[in-house]
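*Asks:* Quick mapping for you: the protein sequence lines, in order, are chains A and B. Sequential numbering from 547 applies to the first sequence in this note's numbering. Sequential numbering from 42 applies to the second sequence in this note's numbering. All residues carry an ideal CB built from backbone N, CA and C; glycine is no exception.
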Amino acid sequence: MADKNVSMRTPLSRVKGLGAAGHGVEHWWVQRLTAVANVPLLIAFVIIVAALAGSNYARALAIVSHPLIAIILLLAVISVVNHMRLGMQVIIEDYVQDNGWRIVAVVANNFYTAVIGAACVFAILKVSLGRILL
Amino acid sequence: MSEAKSTPRPLSPHLQIYRWTWTMAMSVFHRATGTALYFGIALFAIWLVALAAGPRVFNAVQWFFGSPLGLLILFGYTWVLMHHMLGGIRHFIWDLGYGMEREQRIGMARFTLIASVALTLAIWVVAFTFF
Ligand code: HEM
Ligand code: HEM
Numbered sequence: 547m548a549d550k551n552v553s554m555r556t557p558l559s560r561v562k563g564l565g566a567a568g569h570g571v572e573h574w575w576v577q578r579l580t581a582v583a584n585v586p587l588l589i590a591f592v593i594i595v596a597a598l599a600g601s602n603y604a605r606a607l608a609i610v611s612h613p614l615i616a617i618i619l620l621l622a623v624i625s626v627v628n629h630m631r632l633g634m635q636v637i638i639e640d641y642v643q644d645n646g647w648r649i650v651a652v653v654a655n656n657f658y659t660a661v662i663g664a665a666c667v668f669a670i671l672k673v674s675l676g677r678i679l680l
Numbered sequence: 042m043s044e045a046k047s048t049p050r051p052l053s054p055h056l057q058i059y060r061w062t063w064t065m066a067m068s069v070f071h072r073a074t075g076t077a078l079y080f081g082i083a084l085f086a087i088w089l090v091a092l093a094a095g096p097r098v099f100n101a102v103q104w105f106f107g108s109p110l111g112l113l114i115l116f117g118y119t120w121v122l123m124h125h126m127l128g129g130i131r132h133f134i135w136d137l138g139y140g141m142e143r144e145q146r147i148g149m150a151r152f153t154l155i156a157s158v159a160l161t162l163a164i165w166v167v168a169f170t171f172f
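(1) With a threshold of 7 Å (Cβ to nearest heavy atom), would I177(B) be considered close to ligand 1?
(2) Can you confirm whether R681(A), when its beta carbon is compared against all beta carbons of chain B, has any partner nearer than 8 Å?
(3) How is M554(A) classed by DSSP in three states: helix, strand or coil?
(4) Using a Cβ-Cβ cut-off of less than 8 Å, give me the residues of the stretch 120-147 of chain B that come near chain A, in sequence order.
(5) Please report the residue range of the alpha helix (DSSP H) in which V538(A) lies.
(6) Please report the Cβ distance between C666(A) and V623(A), rounded to the nearest whole angstrom; I am assuming they are in contact, meaning their Cβ atoms lie under 8 Å.
(7) What number of angstroms, rounded off, separates the C-alpha of P639(A) from the C-alpha of P96(B)?
(8) Please state if the CB of A606(A) and the CB of I670(A) are separated by a distance shorter than 8 Å.
(9) Check each candidate in H55(B), F105(B) and T48(B) and name the one with the smallest Cα separation from P557(A).
(10) Taking 8 Å as the threshold (beta carbon to beta carbon), is I114(B) in contact with chain A?
(11) Go to P51(B), then tell me how far its alpha helix (DSSP H) extends in each direction, as first and last residue.
(12) Note down, in chain order, each residue of its chain lying with its Cβ closer than 7 Å to the Cβ of L598(A), except the 5 sequence neighbours on either side.
(13) If the cut is a Cβ gap below 8 Å, which residues of chain B does L679(A) touch?
(14) Taking just the CA atoms, how far does R555(A) sit from M547(A)?
(15) Can you tell which of V552(A), Q577(A) and D644(A) has its C-alpha closest to the C-alpha of H629(A)?
(16) Who are the Cβ neighbours of L78(B) in its own chain at under 7 Å, not counting the five residues just before and after it?
(17) Taking all protein chains shown into account, decide if R60(B) is buried (16 or more other Cβ within 10 angstroms of its Cβ) or exposed.
(18) Residues of chain A with CB under 7 Å from P109(B), in chain order?
(19) Does W88(B) pass the burial test, meaning 16 or more other C-beta atoms within 10 Å, or should it be called exposed?
(20) Does the stretch 105-120 of chain B touch the stretch 673-680 of chain A, meaning 3 or more C-beta pairs lie closer than 8 Å?
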């Protein structure tokens, strides 16, 4: 009884391992799911970027706005943005000890990844839909 | 009712106590490359937004990526991406319960470094030869 660090959690809750917010397993699982999705998507991404190297505006526009390329890029952006958000949150939780700063960092992480995701999705949609509609 | 009690948490010595090993180095690399990719992806977002913005902005951004500094950044990003991808695949192997033996762990750690360099060089040779 010398241990003052008494937990409120039952042994069942401990073995279920969901963590205080109840999302521990989900976090781990979505990190893996997006990581698996990342493998083919980023291989495709590297090939697309290699094809884009040194392109002029017209050629770059033609490549990115192609429906198949646009869909691959959209999927890659969605998967990567979720993956990197979860990954950076783990890093923040490992290293940022102060409660206040940890919350600031986690919020900043969410904002940063949301901005990156929205900017990429908007730009891809603009050029690819522009090709059809304009 | 079950009794709720917590076990005292174990303490471990700090990082600099340990001798560097392949597995430790590649573990660090996975985290470092994940972080580099995290910030580097902003460059891709800028490139895409520039493409959506029109030829004038696009040409400026494309000029930067074609400059020696831009090419160096892209080359670095390719390597970091390949290293992180292979490191991630190594994690999948562990998640499935394989590759935990000492020799396998060290072998896979060496493989991530060597293969990531090889893949990066191959990608750039192909990109420069065919595009
Ligand atoms: C190429 C395919 C990719 C694969 C297979 C992959 C795989 C993984 C895996 C399995 C983890 C978890 C590692 C762990 O539990 O310790 C991870 C962590 C992470 N990934 Fe990825 N990833 C990929 C691409 C990316 C990209 C493109 C980014 C960023 C733009 C990224 C950012 C991160 C970050 C920030 C972490 C957290 C690192 C850590 O906790 O140490 N990953 N990745
Ligand atoms: C450059 C050295 C680094 C090493 C050895 C390293 C290795 C790693 C890896 C791969 C993880 C993820 C483990 C997991 O999947 O759960 C991790 C988490 C951690 N790292 Fe690092 N990372 C680097 C930077 C640092 C630094 C600079 C520190 C401390 C100053 C540090 C201390 C820790 C701690 C305490 C954790 C959390 C432990 C855990 O997740 O179980 N790391 N480190």
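*Replies:* A quick look at the data gives this:
(1) Outside the displayed span of chain B (42 to 172) sits residue 177(B), for which this structure offers no information.
(2) This structure cannot settle anything about residue 681(A), because the visible part of chain A is limited to 547 through 680.
(3) For this step, residue 554(A) is matched to residue 8 along the first sequence. Of the three classes helix, strand and coil, the one that applies to M554(A) here is coil, per DSSP.
(4) For the stretch 120-147 of chain B, the residues whose beta carbon sits under 8 Å from a beta carbon of chain A are, in order, L122, M126, G129, I130, H132, F133 and D136.
(5) There is no way to answer for residue 538(A), as the model of chain A reaches only from 547 to 680.
(6) Within the first sequence, numbered from 1, the residue matching residue 666(A) stands at position 120. Within the first sequence, numbered from 1, the residue matching residue 623(A) stands at position 77. C666(A) to V623(A), Cβ: 4 Å. Contact.
(7) On the first sequence, position 93 is the one that residue 639(A) refers to. On the second sequence, position 55 is the one that residue 96(B) refers to. The sequence as given places Glu at residue 639(A); Pro does not occur at that position. Straight-line Cα distance between these residues: approximately 42 Å.
(8) Numbered from its first residue, the first sequence carries residue 670(A) at position 124. Numbered from its first residue, the first sequence carries residue 606(A) at position 60. No. Outside cutoff.
(9) On the first sequence, residue 557(A) is found 11 positions in, with the first residue counted as 1. For P557(A), the nearest C-alpha among the options comes from T48(B).
(10) Counting from one through the second sequence, the residue named residue 114(B) turns up at place 73. No, no contact with chain A.
(11) Indexing the second sequence from 1 puts residue 51(B) at position 10. Note, P51(B): premise wrong, no alpha helix (DSSP H); not H, not E.
(12) The residue given as residue 598(A) occupies position 52 in the first sequence. So the qualifying residues of the chain are A606 and I609.
(13) In the first sequence, residue 679(A) corresponds to position 133, counting from 1. Per Cβ cutoff of 8 Å: no residues; L679(A) is ~14 Å from chain B at best.
(14) Here residue 547(A) refers to the residue found at position 1 of the first sequence. Here residue 555(A) refers to the residue found at position 9 of the first sequence. Note on M547(A): pLDDT 49, under 50, position unreliable in the model; no value is reported.
(15) On the first sequence, residue 629(A) is found 83 positions in, with the first residue counted as 1. It is Q577(A) whose Cα lies nearest to the Cα of H629(A).
(16) The sequence position of residue 78(B) within the second sequence is 37, counting from 1. Correct list, in chain order: V121, L122 and H125.
(17) By one-based count along the second sequence, residue 60(B) stands at place 19. Classification of R60(B): exposed, given that the 10 Å Cβ count is below 16.
(18) Residue 109(B) sits at position 68 when you count from the first residue of the second sequence. Within 7 Å Cβ-Cβ: nothing; P109(B) doesn't reach chain A, min ~14 Å.
(19) Translated into positions along the second sequence, residue 88(B) becomes position 47. W88(B) comes out buried.
(20) no
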